[in-house]
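Heads up: the structure comes next, in structure tokens.
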């Protein structure tokens with residue numbers, strides 16, 4: 002039975018001790034490789050979930066609006082628009098900031114930079130700030146149907 006499992010027993014002694022470094026006694030430890038893989042996956046997740054510069058800028062504008070810093074919010078929006086002129090979200094936020102400032106002429110000019118079917122005024126009606134809702138309602142009432 003032992004011969005079937007391990008092969009025939011070697012009765013001849015060569016006088017040379019087997020080198021234990023050449024023959025692995027235990028299976029190779031795969032833990033470090035698994036830890037490296039998990040670390041790489043975690044790094045990719047963190048990098049993929051990080052906000053883009055536009056999203057970070059929009060978050061800063063929303064924070065400034067919540068704190069009542071309207072001039073700072075307008076400067077942040079203009080800075081975001083200069084960094085990425087084709088992005089829609091900074092242009093929408095500019096409309097919201099101008100509605101909060103109650104500057105309807107500039108709001109109308111900012112609306113012209115957006116697509117015709119953009120829902121910024123309809124979403125402005127659902128915002129928390131009364132000045133934004135009132136300004137959006139005025140502009141929607143003035144628009145032809």
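Numbering (the working numbering), first residue to last: 2 to 146. C-beta: ideal position from N, C-alpha, C; glycine also. These figures come from a predicted structure and were not determined experimentally.
Backbone CA spacing between residue i and residue j [nearest angstrom]
i, j, result
"residue 53", "residue 88", "12 Å"
"residue 45", "residue 100", "39 Å"
"residue 133", "residue 68", "15 Å"
"residue 140", "residue 38", "55 Å"
"residue 136", "residue 34", "59 Å"
"residue 144", "residue 119", "14 Å"
"residue 83", "residue 138", "29 Å"
"residue 113", "residue 47", "37 Å"
"residue 58", "residue 51", "13 Å"
"residue 64", "residue 43", "29 Å"
"residue 73", "residue 79", "10 Å"
"residue 86", "residue 36", "42 Å"
"residue 106", "residue 40", "53 Å"
"residue 60", "residue 77", "10 Å"
Assumed close pair residue i, residue j - CB separation to whole angstroms, cut-off 8 Å
i, j, result
"residue 95", "residue 117", "17 Å between Cβ atoms; not a contact."
"residue 121", "residue 115", "6 Å"
"residue 98", "residue 126", "Not confirmed; about 16 Å, so no contact."
"residue 55", "residue 81", "6 Å"
Selection from the options that minimises the alpha carbon distance to residue i
i, options, result
"residue 62", "91, 50, 85", "91"
"residue 129", "66, 109, 55, 43", "66"
"residue 156", "93, 103, 102", "Because the chain here runs from 2 to 146, residue 156 falls outside it and cannot be looked at."
"residue 75", "106, 40, 102", "102"
beta-carbon residue i near the ligand HEM non-hydrogen atom, thresh 7 Å
i, result
"residue 114", "Among the components of this structure there are no ligands whatsoever, and the ligand HEM is therefore not found."
(message) Runs of 4 residues minimum, wholly inside the segment 57 to 123: which ones carry the alpha helix (DSSP H) assignment?
(response) 71 to 84, 89 to 102, 105 to 113
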